[in-house]
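*Asks:* Just so it is clear: in the sequence shown, position 59 is 189 by my numbering, and no numbers are missing. Idealized CB from N, CA, C, for every residue including glycine. Keep in mind that this is a model prediction, so the values were computed, not measured. Got a structure here, written out as structure tokens. Questions coming.
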Amino acid sequence: MTDYLGPHWESAALVVIDVQNDFLEGGAAPVAGTREVLPALAETTAAFRRSGRPIAHIVRFYQPGGCDVDLPRRAAVEAGRRIVVPGSPGSQIPSVLLPAEVALDSEKLLAGAPQTLTGSGGEVVFFKPRWSAFHRTGLESWLQETGCDTVVVAGCNLPNCPRATLFDASERDFRTVLVTDAVSQVTPERLVDLEGIGVQLRESAQVVDALSRS
């Protein structure tokens with residue numbers, strides 16, 4: 131029987147979702163447990179770099195007073211609440227996850243263009259305006275251009291953006307993996323739901339090992 135679910139590590143890309151300073155404990159809109167998963171997430175990003183595999187960091191920006199915001203936060207942002215404001219320290223990606231110190235180019239990202247972090251274009255940043263990393267972004271085209279058929283997801287707040295991204299990846303026939311100890315807000319029930327659509331569950335150590343052998 132053909133295996134349509136198992137990850138192809140030699141053609142896998144890591145998608146790191148919404149890991150920005152404002153979403154860490156102590157930030158403007160903290161998501162519990164996000165800071166705790168940074169070590170496992172840093173190990174995973176480093177392993178992808180060592181193996182020469184692509185990495186996409188997905189970020190959000192909310193313009194105070196703006197309305198292009200997901201519905202649960204729209205009223206607060208329209209009223210001026212400051213969360214991941216473009217150009218602010220809170221909107222930046224923690225440096226431990228990046229190949230070098232770099233500031234996000236919010237103007238470029240908000241215009242829909244990716245920000246390249248490495249010369250080869252193997253590590254990029256995309257802005258997304260809603261839950262899924264595929265919604266109004268160039269992620270799908272970038273994955274196709276880099277020859278990826280497997281999407282490995284990690285980051286912030288599993289029930290929202292990572293979950294939506296995994297569903298959308300599956301709908302596009304990508305093989306899907308969730309790094310369970312490198313994503314916040316994990317519960318057994320959520321993992322069972324994701325396994326039901328074919329998402330493969332791996333811990334960061336398993337991902338690092340698989341990449342080293344691929």
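DSSP on Gly196, reduced to helix/strand/coil?
*Replies:* Here residue 196 refers to the residue found at position 66 when the sequence shown is read from its first residue. Residue state, collapsed to three classes: coil.
*Asks:* In the DSSP assignment, the alpha helix (DSSP H) including Val214 goes from what residue to what residue?
*Replies:* As a working note, residue 214 is residue 84 in the sequence shown. Here Val214 belongs to no alpha helix (DSSP H), and DSSP marks it neither H nor E.
*Asks:* Can you tell me which of the three DSSP states Val167 falls into?
*Replies:* As a first step, residue 167 is located in the sequence shown; it is residue number 37 there, counting from the start. The answer is helix: DSSP assigns Val167 an H, G or I state.
*Asks:* Mind reading off the beta-carbon distance from Thr295 to Val283? Whole number of angstroms is fine, and I expect it under 8 angstroms.
*Replies:* Here residue 295 refers to the residue found at position 165 when the sequence shown is read from its first residue. Here residue 283 refers to the residue found at position 153 when the sequence shown is read from its first residue. With 8 angstroms as the limit, Thr295 and Val283 qualify as a contact, their Cβ atoms being about 6 angstroms apart.
*Asks:* Using the Cα positions of Glu270 and Glu301, report the straight-line distance between them to the nearest angstrom.
*Replies:* Within the sequence shown, the letter at position 140 stands for residue 270. Within the sequence shown, the letter at position 171 stands for residue 301. Glu270 and Glu301: Cα-Cα distance of roughly 12 angstroms.
*Asks:* List the residues that DSSP assigns as beta-bridge partners of Phe153.
*Replies:* The residue you call residue 153 lines up with position 23 of the sequence shown. DSSP output for Phe153 lists no bridge partner at all.
*Asks:* Looking at the secondary structure, which residues open and close the beta strand (DSSP E) in which Ala340 lies?
*Replies:* Within the sequence shown, residue 340 is the residue found at index 210, counting from 1. No beta strand (DSSP E) holds Ala340; the alpha helix (DSSP H) holding it covers Ser334 to Arg343.
*Asks:* So is Gly326 buried or exposed if we call it buried at 16+ other beta carbons inside 10 Å?
*Replies:* By 1-based counting over the sequence shown, the position of residue 326 is 196. It is exposed - the Cβ of Gly326 has fewer than 16 other Cβ atoms within 10 Å.
*Asks:* Would you check if the stretch 162 to 182 and the stretch 217 to 228 touch, i.e. whether three or more CB-CB distances between them fall below 8 angstroms?
*Replies:* A contact exists between the stretch 217 to 228 and the stretch 162 to 182.
*Asks:* Give the list of continuous alpha helix (DSSP H) stretches no shorter than 4 residues that lie fully inside the stretch 268 to 337.
*Replies:* Segments of the alpha helix (DSSP H) lying fully in the stretch 268 to 337: 269 to 275, 291 to 301 and 318 to 325.
*Asks:* So for Ala233, helix, strand or coil by DSSP?
*Replies:* Taking the sequence shown and counting its residues from 1, one reaches residue 233 at position 103. Three-state DSSP puts Ala233 in coil, outside helix and strand.
*Asks:* Classify Ala280: buried if its beta carbon has 16 or more other beta carbons within 10 angstroms, exposed otherwise.
*Replies:* Position 150 of the sequence shown, counted from the first residue, corresponds to residue 280. Note on identity: in this sequence residue 280 is Thr, with Ala being the wrong assignment. Thr280 comes out buried.
*Asks:* In three-state DSSP terms, what is Ala142?
*Replies:* Within the sequence shown, numbered from 1, the residue matching residue 142 stands at position 12. Strand.
*Asks:* Between which residues of its own chain and Val247 is the CB-CB distance below 7 angstroms, once the five residues before and five after are set aside?
*Replies:* Indexing the sequence shown from 1 puts residue 247 at position 117. Correcting the residue identity first, residue 247 is Leu in this sequence and not Val. Counting only Cβ-Cβ distances below 7 angstroms, and skipping sequence neighbours, we find Leu228, Pro229, Val232, Glu253, Val254 and Val255.
*Asks:* Return the CA-CA distance between Arg204 and Ser342, expressed in angstroms with no decimal places.
*Replies:* Mapped onto the sequence shown, residue 204 falls at position 74. Mapped onto the sequence shown, residue 342 falls at position 212. Cα-Cα distance, rounded: 43 angstroms.
*Asks:* Going by the beta-carbon positions, is the gap between Asp311 and Glu275 smaller than 8 angstroms?
*Replies:* Counted from its first residue, the sequence shown places residue 311 at position 181. Counted from its first residue, the sequence shown places residue 275 at position 145. Against a cut-off of 8 angstroms, the Cβ pair of Glu275 and Asp311 comes out as no contact.
*Asks:* Can you give me the start and stop residues for the beta strand (DSSP E) that Val255 sits inside?
*Replies:* In the sequence shown, the residue the question calls residue 255 occupies position 125. Residues Glu253 to Phe257.
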